[in-house]
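The structure appears right after this line, and notes come after that.
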Amino acid sequence: MNGRLLITCHDRHGIVAAVAGFLAASGANIVSSDQHSTDPEGGEFFMRMEFNLAHGDLDALGRAFSQEVAERFDMRWRLTDGSIPKRMAVLVSKEDHCLVDLLWRHRRGELDATIPLVASNHPDWANDVGTFNIAYHHLPFPNEPELIELLRGNCDLVVLARYMRILSADFLEQVGVPIINIHHSFLPAFAGANPYQRAYERGVKIIGATAHYVTEELDAGPIIEQDVARVTHREHADTMVRLGRDIERTVLARAVKAHLDDRVLIYGNRTVVF
């Protein structure tokens, strides 16, 4: 069994020793360990440990950890079984570059997940998704109740692969799983339609993309991953679109992989990504 333990708490002496000692006493072999502190004198402490557990039950291990370690250090923690792939649903609109990239990486084994479904407010990509033997659902917008019914209980993560619709607070609450979105990094300077054209007209020198968790406040959730590319006066708007799409798909893939591998810890409106 491949266990992953993620911890957040106030930094203090003895945390690493307590966690490592507990796992060793429980028969677990630690295979990787990462930690970060915002300030060693009373800051916030973050840890990710991955371990093998040859014998025993992960639920029982979690109960023991809560009583013997977590309560003592007032930890916020979660324990997952890395040998069980997460269920990842994908939503898409009329641009397919992020969708196809995720499906290709999944087929190549780069993303440790199952994909139970792809849903879209357009019918355009049904045949393409079908070649990956994944169910495709066309749900014209607005149709949140049906989309909620489709997703709720059937996925552990929702990825907005250029799903160009605003999701309501009720949708986020009803679906009840993390949602990752990708958008160009021009927000808020070039929000809305045709951002690359307006960025070209403004003469920008870099373009980029941001992947973040979705919250009720539009495009303001905790950032997971970002990247940029430099451009010059020689690039036209259509070139910026092509470069931007390349960045969007790689940034989204890295963010999704980090989440699937349990490498992201949220702290306020920020993230620690191990």
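Counting the sequence shown from 1 gives a position; my numbering is that position plus 22.
Ideal Cβ positions, reconstructed from N, Cα and C, are used throughout, including at glycine.
Computed from a prediction, not measured in an experiment: that's the story for all the values here.
Item	Value
Specify, as a first and last residue, the run of the beta strand (DSSP E) that glycine 230 falls within.	228-235
Where does arginine 187 fall in DSSP's three states?	coil
Which same chain residues end up closer than 7 Å to valine 180 when comparing Cβ atoms and leaving out the 5 residues on each side of it in sequence?	Ala111, Leu113, Leu173, Val197, Val199 and Ile201
Is tryptophan 147 helix, strand or coil when you go by DSSP?	coil
Go ahead and pull the three-state DSSP assignment for glycine 152.	helix
Between phenylalanine 68 and threonine 30, which are expected to be in contact by the criterion C-beta below 8 Å, what is the C-beta distance as a whole number of angstroms?	6 Å
How many angstroms separate the CA atom of serine 115 from the CA atom of glutamine 89?	47 Å
Beta strand (DSSP E) containing lysine 108: first to last residue?	108-114
Could you check what DSSP says for threonine 261 in three-state terms: helix, strand or coil?	helix
Could you check whether isoleucine 170 and phenylalanine 193 sit closer than 8 Å to each other, using their CB atoms as the reference points?	yes
Quick one: what's isoleucine 29 bridged to in DSSP?	Met69 and Trp99
Going along the chain, which residues of its own chain have a beta-carbon closer than 8 Å to the beta-carbon of alanine 191, five neighbours each way excluded?	Glu238
Is the segment 254-262 touching the segment 273-288 in the sense that three or more CB pairs, one from each, lie closer than 8 Å?	no
Comparing C-alpha positions only, which one of Asp81, Leu161 and Phe73 sits nearest to glycine 43?	Phe73
Check whether the segment 245-253 and the segment 224-236 are in contact - that is, three or more C-beta pairs closer than 8 Å.	yes
Around the Cβ of isoleucine 188, are there at least 16 other Cβ atoms within 10 angstroms (buried) or fewer (exposed)?	exposed
Distance check for leucine 45 and arginine 70, CA to CA, integer angstroms please.	13 Å
On the three-state DSSP scale, how would you describe arginine 34?	coil
How many angstroms separate the CA atom of alanine 76 from the CA atom of glycine 104?	14 Å
When the Cα atoms are used, what is the spatial distance from glycine 36 to alanine 148?	54 Å
Within a Cβ cutoff of 6 Å, which residues of the same chain sit near proline 300, ignoring the five residues on either side of it in sequence?	In the structure displayed, the chain extends from 23 to 296; residue 300 sits before or after that span and is not available.
Applying the criterion that 16 or more other CB atoms from any shown protein chain within 10 Å of the CB defines a buried residue, is proline 167 buried or exposed?	exposed
Between alanine 280 and valine 295, is the Cβ-Cβ spacing less than 8 Å?	yes
Between the alpha carbons of histidine 128 and aspartate 134, how many angstroms are there, rounded?	7 Å
Check whether the Cβ of glycine 49 lies closer than 8 Å to any Cβ atom in chain D.	No chain D is present in this structure, which holds just one protein chain.
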